[in-house]
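Numbering follows the working numbering, in which position 103 of the sequence shown is assigned residue number 109; successive positions increment by one, without gaps. One structure below.
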Amino acid sequence: MHFHVMTLFPELIEKGMHTGVLYRAMEQQILSLETYQIRDHVADKHKRVDDYTYGGGAGMLIQAEPVYQTYRAVMERIAPQEGARIRVVYATPQGRVFDQAMAEELAKEEDLVFLCGHYEGIDERVLEEIVTDHVSIGDYVLTGGELPALVMMDAVSRLIPGVLNNDESAMTESFNDGLLEYPQYTRPEEWHGKKVPEILLSGHHGNVEKWRLEQSLERTKQRRPDLYEAYMELHPPQPEKKKRKKKKKQAESCADAAEVMPDLRSDVSAEQQTGE
Ligand code: ADE
């Protein structure tokens with residue numbers, strides 16, 4: 007994945023990407039990052055990129071031409087094949103709200119271009135010409151698009167094969183099914199008088215899976231009723247099976263949990279590997 011970021015603050019993007027997992031992936035050339043200073047594409051010797059808005063109103067707007075020239079520099083660098091569509095993501099509170107599904111969609115691209123605005127925004131005419139996706143990271147207004155671009159690059163990067171190692175990627179699965187992750191615990195067994203739930207010490211993987219699914223459901227219901235409703239629509243409760251013998255019941259409860267949320271299986275085996 008090659009990221010290209012058009013910005014007035016390239017150092018913010020570079021610093022944000024040169025940490026931990028993402029830095030390692032760049033060293034391994036799984037990811038690359040190129041920043042493009044919009045100010046370098048201003049003809050005016052004062053290097054001013056912004057101007058007043060037509061029609062009046064507070065605030066300044068970034069002019070179309072420097073953004074367009076920056077975009078041309080990006081396209082020269084990418085040199086896309088004839089007919090190839092390069093996604094240009096404009097970080098704006100007026101966009102579609104970014105989520106995991108969009109991260110997955112963007113992770114399929116070879117090159118991703120981000121455009122970061124400042125001040126009151128960017129002249130609409132250049133947006134019409136170059137932007138393919140208007141994307142917001144949530145319903146609040148930030149001072150610029152750099153933090154949203156970093157958020158999106160982070161979420162996309164961790165989906166690129168090889169960016170996360172096995173232990174790290176084992177931790178990523180639960181959101182995929184639309185539920186929040188269950189609570190997790192590590193040593194010591196008792197902390198501030200709070201004990202790790204008994205069931206997690208039992209070594210009974212079927213029961214652990216079932217407990218985790220219940221916890222995920224409960225947590226999602228409490229904290230994100232919107233996600234819970236969507237999940238329940240896709241996974242309507244199954245009618246209870248009656249009169250099962252104890253052993254058969256245990257085996258089935260394991261299978262049931264795995265059926266409703268198959269990714270829990272991989273979580274359990276990942277934990278065994280890490281000795282949690
Ligand atoms: N720029 C300013 N606020 C933003 C937001 N919430 N999402 C994306 N870009 C932004």
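We put the beta carbon where it would ideally sit given N, CA and C, even for glycine.
For this session: Excluding the 5 residues preceding and the 5 following Leu240 in the sequence, name in chain order all residues of the same chain whose CB lies nearer than 8 Å to its CB.
Result: In the sequence shown, counting from the first residue as 1, residue 240 sits at position 234. Within the same chain, Leu240 has close Cβ partners Gly184.
Exercise. Quick one, which of Pro72, Gln34, Leu153 has its alpha-carbon nearest His52's?
Worked result: Residue 52 sits at position 46 when you count from the first residue of the sequence shown. Considering only alpha carbons, the answer is Pro72.
Exercise. From the DSSP output, which residues share a beta bridge with Arg216?
Worked result: Along the sequence shown, one-based indexing puts residue 216 at 210. In the sequence as presented, Arg is not what sits at residue 216; that position holds Lys. Note: Lys216 sits in no beta bridge, so no partner.
Exercise. If you check the beta carbons only, do Phe104 and Met32 fall under 8 Å apart?
Worked result: As a position in the sequence shown, residue 104 is number 98, starting the count at 1. As a position in the sequence shown, residue 32 is number 26, starting the count at 1. Their beta carbons are not under 8 Å apart, which means Phe104 does not touch Met32 by this criterion.
Exercise. Between Thr136 and the ligand ADE, is the CB less than 7 Å from at least one heavy atom?
Worked result: As a first step, residue 136 is located in the sequence shown; it is residue number 130 there, counting from the start. Reading off the sequence shown, one finds Ile at residue 136, where the question assumed Thr. Distances taken from the Cβ of Ile136 to the heavy atoms of the ligand ADE include none shorter than 7 Å.
Problem set entry | Residues with C-beta closer than 6 Å to any heavy atom of the ligand ADE, in chain order | Qualifying residues, in the order they occur: Ala97, Thr98, Pro99, Ser142, Ile143, Gly144, Tyr146, Val147, Leu148, Gly151, Pro154.
Problem set entry | Residue burial classification, Lys216 (beta-carbon count within 10 angstroms, cutoff 16) | For this step, residue 216 is matched to residue 210 along the sequence shown. It is buried - the Cβ of Lys216 has at least 16 other Cβ atoms within 10 Å.
Problem set entry | Alpha-carbon spacing of Arg91 relative to Leu39, whole angstroms | The count along the sequence shown starts at 1 and reaches residue 91 at position 85. The count along the sequence shown starts at 1 and reaches residue 39 at position 33. If I take the Cα positions, the gap works out to 19 Å.
For this session: Just mark His47 as buried or exposed, buried being the case when its beta carbon has 16 or more other beta carbons within 10 Å.
Result: Reading the sequence shown from its first residue, position 41 is the one you call residue 47. It is buried - the Cβ of His47 has at least 16 other Cβ atoms within 10 Å.
Exercise. From Met108 to Ala155, what distance separates their C-alpha atoms?
Worked result: Against the sequence shown, residue 108 aligns to sequence position 102. Against the sequence shown, residue 155 aligns to sequence position 149. If I take the Cα positions, the gap works out to 13 Å.
Exercise. With C-beta atoms as the reference, is Leu112 less than 8 Å away from Arg93?
Worked result: For the purposes of this step, residue 112 is identified with residue 106 of the sequence shown, where counting begins at 1. For the purposes of this step, residue 93 is identified with residue 87 of the sequence shown, where counting begins at 1. Cβ distance < 8 Å, so Leu112 and Arg93 count as in contact.
Problem set entry | Rounded straight-line distance, which links the Cα of His210 to that of Pro231 | Residue 231 sits at position 225 when you count from the first residue of the sequence shown. Residue 210 sits at position 204 when you count from the first residue of the sequence shown. Whole-angstrom Cα-Cα distance: 30 Å.
Exercise. By how many angstroms is the C-alpha of Arg30 removed from the C-alpha of Ala161?
Worked result: Locating residue 161 in the sequence shown gives position 155, counting from the first residue. Locating residue 30 in the sequence shown gives position 24, counting from the first residue. Each residue's alpha carbon lies about 15 Å from the other.
Problem set entry | Endpoints, the beta strand (DSSP E) within which Arg164 is located | Translated into positions along the sequence shown, residue 164 becomes position 158. Counting along the chain, Arg164 falls outside any beta strand (DSSP E), and DSSP gives it neither H nor E.
For this session: Taking all protein chains shown into account, decide if Ala97 is buried (16 or more other Cβ within 10 angstroms of its Cβ) or exposed.
Result: In the sequence shown, residue 97 corresponds to position 91, counting from 1. A residue is called buried when at least 16 other Cβ atoms come within 10 angstroms of its Cβ; Ala97 meets this threshold and is buried.
Exercise. What residue ranges within the segment 33-106 form continuous beta strand (DSSP E) runs of no fewer than 3 residues, ordered along the chain?
Worked result: 38-43, 56-58, 66-68, 93-103
Problem set entry | Local conformation of Val147 per DSSP, three classes | Taking the first residue of the sequence shown as 1, we reach residue 147 at position 141. Looking at Val147 - three-state DSSP - the assignment turns out to be coil, as it is neither helix nor strand.
For this session: Buried or exposed for Thr76, please, with buried defined as at least 16 other CB atoms from any protein chain shown within 10 angstroms of its CB.
Result: Translated into the one-based positions of the sequence shown, residue 76 becomes position 70. The residue is buried, with at least 16 neighbouring Cβ atoms inside 10 Å.
Exercise. What is the rounded straight-line gap between the Cα of Leu118 and the Cα of Glu152?
Worked result: The residue labelled residue 118 in the question sits at position 112 within the sequence shown. The residue labelled residue 152 in the question sits at position 146 within the sequence shown. Here the alpha carbons of Glu152 and Leu118 stand approximately 15 Å from one another.
Exercise. Going along the chain, which residues of its own chain have a beta-carbon closer than 8 Å to the beta-carbon of Arg102, five neighbours each way excluded?
Worked result: Position 96 of the sequence shown, counting from 1, holds the residue named residue 102. Contacts found: Met108, Asp139, His140, Val141, Ser142.
For this session: Compute the Euclidean distance between the alpha carbons of Trp197 and Tyr191, then round it to the nearest angstrom.
Result: By 1-based counting over the sequence shown, the position of residue 197 is 191. By 1-based counting over the sequence shown, the position of residue 191 is 185. Straight-line Cα distance between these residues: approximately 10 Å.
Exercise. For Lys227, which option in Tyr188, Glu195, Val202, Thr149 has the closest C-alpha, if you only look at C-alpha atoms?
Worked result: Residue mapping note: residue 227 aligns to position 221 of the sequence shown, counting from 1. Of Tyr188, Glu195, Val202, Thr149, the residue nearest in Cα terms is Tyr188.
Exercise. Is Val202 helix, strand or coil when you go by DSSP?
Worked result: For the purposes of this step, residue 202 is taken as residue 196 along the sequence shown, with counting starting at 1. The answer is coil: DSSP assigns Val202 none of H, G, I, E or B.
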